[in-house]
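Single-structure report; data block below.
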Amino acid sequence: MSGARQDLTLAIAFIAPYAALFLAFALYPIGYALWMGSKLSLYTDLIADPLYLPSALNTALFVGVGVNVKMFLALLLSGFFMQPRWWIRALLVVYVLPWTLPAIQTAISFRWMLSGEEDGLVNRLLSLLLGIDGPIWFNHWGLALGSNIVFYVWKWMPFWTLIFLAGRMAIPRDVSDAATVDGATGVRRFVHVTFPLLANLYLVCTLLSIAWTMGEFTTVYFVSGGAPVWSTQVLTTLGFHYAFDVANPSLAVAAVMSVLPVLVPVVVVLLRKVEARTLQL
Amino acid sequence: MSGVIASVLRPPPRRVRLHRLVTEAAAVMLGILLLIWSVAPIYNMLLIALDPEEGEVEFSGNIWPPEPSLESFRVVLMQDARYLEHFWRQLGNSVYIGLMTMVLTVVVASLASFAVSRMPLKHGSLLTNASLLTYTIPVSFLIFPFYRIAHAYGLSNDPWAVIAAHVAFATPFAILILRQYARLIPIELDDAARVDGASSIQVYWRVHLPLTTPALGAIAMYALVLAWNDYLYQFVLLSSEKHMTLAVMQAQLFDDADPPWNAMMAAAIMYSLPPVAMFFALRRRISAVLTIRGSGG
Chain A
18 MSGARQDLTL AIAFIAPYAA LFLAFALYPI GYALWMGSKL SLYTDLIADP LYLPSALNTA
78 LFVGVGVNVK MFLALLLSGF FMQPRWWIRA LLVVYVLPWT LPAIQTAISF RWMLSGEEDG
138 LVNRLLSLLL GIDGPIWFNH WGLALGSNIV FYVWKWMPFW TLIFLAGRMA IPRDVSDAAT
198 VDGATGVRRF VHVTFPLLAN LYLVCTLLSI AWTMGEFTTV YFVSGGAPVW STQVLTTLGF
258 HYAFDVANPS LAVAAVMSVL PVLVPVVVVL LRKVEARTLQ L
Chain B
3 MSGVIASVLR PPPRRVRLHR LVTEAAAVML GILLLIWSVA PIYNMLLIAL DPEEGEVEFS
63 GNIWPPEPSL ESFRVVLMQD ARYLEHFWRQ LGNSVYIGLM TMVLTVVVAS LASFAVSRMP
123 LKHGSLLTNA SLLTYTIPVS FLIFPFYRIA HAYGLSNDPW AVIAAHVAFA TPFAILILRQ
183 YARLIPIELD DAARVDGASS IQVYWRVHLP LTTPALGAIA MYALVLAWND YLYQFVLLSS
243 EKHMTLAVMQ AQLFDDADPP WNAMMAAAIM YSLPPVAMFF ALRRRISAVL TIRGSGG
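The listed protein sequences correspond, in order, to chains A and B.
Position 255, counted from 1, in the first sequence is what our numbering calls 272; the numbers after and before it change by one each time, with no gaps.
Position 91, counted from 1, in the second sequence is what our numbering calls 93; the numbers after and before it change by one each time, with no gaps.
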């Protein structure tokens, strides 16, 4: 009888550090942010700022294109890496390197590949191999935004490829054997066998990645840096500017909170999927 | 019947062989493309770092270092260039934050997941499920309130503000992984230990902890990478020279017209090594844990 009480005390003691941390450093900041961004006049200020709407559009493009390209390629490539051959296994080790390397340093390197003072590695190769003059990458809105997206895909695609690879490995052997016997190969096998089995994992990962990518800061800050002339900013870098250059943190919170109409539905669907599938197995 | 056997024994028709050859060639092509894609920015880092002169590679577009040398690595190790005067202290600060984040995430998450999944705590999972919510909110959004909250807690310009932030954001995911992993351990093991007179603490220490070590390794890696990749929190929360981390120092160079890029890239390469080394050391464990996660979702 006293044993059960002791256990309860112990259980509470075990969970206390986490609960304290969660309340003080997660829940409280979230509540504080909601309070900071609750004044309606902030949002009229935002709309009035000519930087805001372009940044919101850039965020939508960055997330919409970046996440979908990254996820779809990761799904396809995970199939490629399933092949049990020595050179493909060795390649996988190199392929996951971008994920393990720190983001800032590789972003700076990527920036230098595109624009040195005269020419970066990419333009040099373009003129050597194809004989064309490469563009000035960060002088054009579309090219600069595209460069941000390419770096983002480079950095994060390996992680999701590993997740999908694990998902494919979890497909029971008899299912894939049966598919092989029935002659399902190539595209047909992918559409009718593999994808339906991975669909839920794919959806959960995509939603999670959308939520995270809305807050992407490092890529934009270090690859394009907002160039040309502030035109490739996203909401987080704009918020950073409001908070630390203009010293208006409430406006910064309002800027990032303006994604809530998109973020909240994504998170709701995500939590339902996760709860149904993994937490209460 | 004999026709079927004959058709099996016959070598594959030319069309099939050609098809195989084409698939094989396509796979090799894809492999080469992926290799170039993955390595290019890393190669560019090396290219700049191996250049003894400042600005020869990154400014004139050489695709091979004109005179490869390890000079810039020496410069970094000896703290012999602008910005790099405090390289070792800044690396030390990064290591301190990274290690503390790693250790605390593992300890806090391991205790909490044991309490939730193995002890008679009725609504404990409510807390861990609710915390998944914070996991889905982009970390960068919370820097703005966090900046003020650190002040309120008396943690302004204190590495512990950064560590607390990292641990708070890393634990929900760590607990999720641990709870999934703990399902693999039969509860009968716990019961058997209890029958033998083990207390709950002993069950945790002798049974649960040893059996969850693969997952703990993966979590440690995850927490280290989180801290190692961070710039925003370290920049905003640590303002003094004394606590500056290497990531923040490297970012400072953007405000300079003519910084020593080759030495910076050498420093970047050295900074990149710890997580890569840890990943390779823990590779098998990480893929084992990922598999479990995959099978869940």
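For every residue, glycine included, the Cβ atom is placed at its ideal position computed from N, Cα and C.
Note that the coordinates shown come from a computational prediction; the quantities given were computed from them, not determined experimentally.
In this structure, Phe239 (chain A) places its C-beta atom within 8 Å of the C-beta atom of Ala124 (chain A). Taking the Cβ atoms as the reference, Val84 (chain A) lies roughly 6 Å from Thr223 (chain A), within the contact range of under 8 Å. With a cut-off of 8 Å on Cβ pairs, the segment 158–167 of chain B is not in contact with the segment 252–266 of chain A, counting fewer than three such pairs. At a Cβ-Cβ threshold of 8 Å, Ser142 (chain B) and Gly232 (chain A) count as neighbours. Along the segment 230–241 of chain B, going in chain order, the ones with a CB nearer than 8 Å to a CB of chain A are Trp230, Asn231, Tyr233, Leu234, Val238. The beta carbon of Phe175 (chain B) sits closer than 6 Å to the beta carbons of Tyr137 from its chain, once the five residues preceding and following it are set aside; these are given in chain order. Between the C-alpha atoms of Val86 (chain A) and Val170 (chain A) there is a straight-line separation of about 8 Å.
Residues are counted here when their Cβ sits less than 8 Å from a Cβ of chain B; for the segment 241–260 of chain A these are Gly242, Thr253, Gly256, Phe257, Ala260, given in chain order. For Ser115 (chain B), the enclosing alpha helix (DSSP H) stretches over residues 89–120. Scanning chain A for C-beta atoms nearer than 7 Å to the C-beta of Pro140 (chain B) yields Ala228, Trp229, Met231, Gly232, reported in chain order.
Of A:Pro71, A:Leu288, A:Gly137, A:Val82, the smallest CA-CA separation from Gly243 (chain A) is found for A:Pro71.
The C-beta of Phe212 (chain A) comes no closer than 8 Å to any C-beta of chain B.
With respect to chain A, the C-beta atom of Arg17 (chain B) has no partner C-beta closer than 8 Å. In the DSSP assignment, Trp52 (chain A) falls within the unbroken alpha helix (DSSP H) covering 45–53.
In the structure shown, Ile180 (chain A) adopts helical secondary structure according to DSSP, grouped into three states. Of the residues assessed, Leu27 (chain A) falls on the buried side of the cut-off, its CB having 16 or more other CB atoms within 10 angstroms. Shown here, Val246 (chain A) sits in coil according to DSSP, grouped into three states, outside any helix or strand. Proximity of chain B to Leu70 (chain A) at the Cβ level (cut-off 9 Å) is not reached, the minimal Cβ distance being about 19 Å. Chain-order list of chain B residues neighbouring Ser126 (chain A): Pro43, Ile44, Asn46, Met47, Ile50, Met267, Ala270, by C-beta distance under 8 Å.
Taking C-beta atoms as the reference points, Val77 (chain B) and Ala265 (chain B) count as a pair closer than 8 Å.
Counting C-beta pairs closer than 8 Å gives fewer than three between the segment 99–114 of chain A and the segment 217–234 of chain B, which falls short of the contact rule. Cβ-Cβ distances below 6 Å link Val250 (chain B) to Gln236, Phe237 in the same chain, with the five nearest sequence neighbours on each side left out; the list follows chain order. Among the CB atoms of chain B, one or more fall inside 8 Å of the CB of Met130 (chain A). Just measuring C-alpha positions, the residue of B:Pro67, B:Tyr85, B:Trp39, B:Ala27 sitting nearest Ala270 (chain B) is B:Tyr85. Shown here, Gln252 (chain B) sits in a helix according to DSSP, grouped into three states. The distance from the Cβ of Asp82 (chain B) to that of Pro67 (chain B) is about 20 Å, inconsistent with a contact at the 8 Å cut-off. Going by C-alpha positions, Val108 (chain B) is about 9 Å away from Ile177 (chain B).
Annotation: Ile166 (chain A) to Val205 (chain B) spans about 49 Å, alpha carbon to alpha carbon. Counting the other Cβ atoms within 10 Å of the Cβ of Gly137 (chain A) gives 16 or more, which makes it buried. Ala229 (chain B) and Asp194 (chain A) have their C-alpha atoms spaced approximately 43 Å apart.
Linking Leu57 (chain A) to Thr236 (chain A) through their CA atoms gives a straight-line distance of about 30 Å.
For Gly256 (chain A), the enclosing alpha helix (DSSP H) has its first and last residue at 252–257. Every alpha helix (DSSP H) stretch that sits fully inside the segment 7–55 of chain B and reaches 4 residues is listed by chain position as 16–51.
At least one CB atom of chain A sits nearer than 8 Å to the CB of Tyr273 (chain B). Going by beta carbons, Ser119 (chain B) and Arg196 (chain B) fall outside the 8 Å limit.
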